[in-house]
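Novice:
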Amino acid sequence: MAEYLRRRELYVAERKDRLARAVVTAAVVAALTVAAVSVFGAVVGLSALVVLQMVLGAVLVVLAVAAARFLRSPSEIESWRHDAEAERRTARALDRLVRAGYTVLHDRALADSAGNVDHLVIGPSGVWVVETDAHRGPLRQNRAGLWAGKMPLRAMLGLVAWMGEEVTSHLVADLPEGWQLQAQPVVAFSRAELPHGLALLDGVVLLPAAGVADYILTAGVVLKPLDVAILVDVAERALPPYPVDGPAPTWPAMSRLRGILGR
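Taking full-length UniProt numbering, I'd label the letters of the sequence shown as residues 1 to 263.
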């Protein structure tokens, strides 16, 4: 969600920079259109009123097309918007866990990483790293890995598993000595069809987005209220909110990500 907001703000800023050039281009095209229509009207002997009507109509068409092209969001921004909407639905489903003693932190930044954790859930059943996936199609697995329709998900699963490891290491680093902790990575599918509603693949739990909260609630109790409070306090410091404004975080560990995506 935060990444979509960042990209949208960058696109809006870029579009403002392009405004003057777009206005000049539209004006030039409109002027050329007026000239062409006027010449055509004179050649075929149309009346001045008809030529004027044709000119006005052509100019309006040119301006409408220019405005549509200028205001249209690129396909990648639309794709991020769909993903952000799916994340918001998952967030609403997870927020009901608060009544059961859980804390849900959304869009948390990882140190030394340009990425973000969609949802971090901390409560009696442990620590959960929840990432939303908005791909369509039935889930299937073969020798090449996991697929949602025709979209391969192997790299995404590797990235989510890596996020779970990173969250674990960040929390343990700030916890008192002797703590045993393992954050469980989860992929919440907002549109893909899971064959049996639940699967565990490469250490990552796969669930329909609507069923994540119930699964977390029924996973058993492993943390006491005091443990939960300590973990939340550490998580707030170690995993701050992902910044939307300003420059994107640097990623010294980019080679690690490329290795994951290349699997």
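From the three backbone atoms N, C-alpha and C, an ideal C-beta is built for every residue, glycine too.
Would you mind sorting T218 into buried or exposed? The rule is 16 or more other CB atoms within 10 Å of its CB.
Specialist: With fewer than 16 other Cβ atoms within 10 Å, it is exposed.
Novice: Would you mind reading off the limits of the beta strand (DSSP E) that contains H106?
Specialist: Residues 103 to 109.
Novice: Just how far apart, CA to CA, sit L63 and A26?
Specialist: Each residue's Cα considered, the two are about 7 Å apart.
Novice: Whole angstroms is fine: what's the gap from L52's alpha carbon to L32's?
Specialist: For L52 and L32, the distance between alpha carbons rounds to 15 Å.
Novice: At the level of alpha carbons, what is the spacing between V205 and A229?
Specialist: Spanning the two alpha carbons is a distance of roughly 25 Å.
Novice: Return the chain-ordered ranges of every alpha helix (DSSP H) run that is complete within the stretch 188 to 232 and spans a minimum of 4 residues.
Specialist: Taking only runs of at least 4 residues, the alpha helix (DSSP H) segments lying wholly in the stretch 188 to 232 are 212 to 217.
Novice: What first and last residue would you give for the beta strand (DSSP E) that runs through A148?
Specialist: It spans 145 to 148 - the beta strand (DSSP E) in which A148 sits, taken as one unbroken run.
Novice: Report buried or exposed for N116, applying the criterion of at least 16 other Cβ atoms within 10 angstroms of its Cβ.
Specialist: Buried is the call here.
Novice: Considering only DSSP beta bridges, list what M151 is partnered with.
Specialist: Note: M151 sits in a beta bridge opposite A148.
Novice: Would you say the beta carbon of A188 comes nearer than 7 Å to a heavy atom of the ligand COA?
Specialist: Judged by which ligands are present, the structure shown has none, so any question about the ligand COA falls away.
Novice: For the beta strand (DSSP E) that contains H119, what are its first and last residues?
Specialist: Where H119 is concerned, the enclosing beta strand (DSSP E) stretches over 116 to 123.
Novice: Consult DSSP for D112 and reduce its assignment to one of helix, strand or coil.
Specialist: Three-state DSSP puts D112 in coil, outside helix and strand.
Novice: Can you tell me whether DSSP reads Y4 as helix, strand or coil?
Specialist: Residue confidence is low: Y4 scores 40 on pLDDT, short of 50, so the model does not pin down where it sits. Its coordinate-derived value is still stated next. If DSSP states are grouped into helix, strand and coil, Y4 belongs with the helices.
Novice: Determine the burial state of A209: buried for a count of at least 16 other Cβ atoms within 10 Å of its Cβ, exposed for fewer.
Specialist: By the neighbour-count rule (16 or more Cβ atoms within 10 Å), A209 is buried.
Novice: Express the C-alpha separation of L139 and S38 in angstroms, rounding to a whole number.
Specialist: If I take the Cα positions, the gap works out to 60 Å.
Novice: Closest by CA to I216, which one among V127, A84, H196?
Specialist: Nearest option by C-alpha distance: V127.
Novice: Taking only three categories from DSSP, how would you classify W162?
Specialist: In this structure, W162 counts as helix in the three-state DSSP scheme.
Novice: Exposed or buried, S125, counting other C-beta atoms within 10 Å across all chains shown (16 or more means buried)?
Specialist: With 16 or more other Cβ atoms within 10 Å, it is buried.
Novice: For the beta strand (DSSP E) containing L139, name the first residue and the last one.
Specialist: Counting along the chain, the beta strand (DSSP E) containing L139 begins and ends at 139 to 142.
Novice: Would you report the Cα separation of R89 and V104, rounded to the nearest angstrom?
Specialist: About 14 Å.
Novice: What does DSSP give as the partner residue(s) for G126 in the beta ladder?
Specialist: Looking at the DSSP assignment, G126 forms a beta bridge with G123.
Novice: According to DSSP, is Q184 part of a helix, a strand, or is it coil?
Specialist: Looking at Q184 - three-state DSSP - the assignment turns out to be strand.
Novice: Give the C-beta separation of V160 and P185 to the nearest angstrom, bearing in mind that I take them to be a contact with Cβ-Cβ under 8 Å.
Specialist: About 5 Å; that satisfies the 8 Å criterion.
Novice: Write down the C-beta distance between V187 and D107 rounded to the nearest angstrom, noting that I regard them as a contact closer than 8 Å.
Specialist: Contact flag wrong, Cβ pair sits at about 17 Å.
Novice: Let me know the secondary structure DSSP gives E177 once reduced to three states.
Specialist: Of the three classes helix, strand and coil, the one that applies to E177 here is coil, per DSSP.
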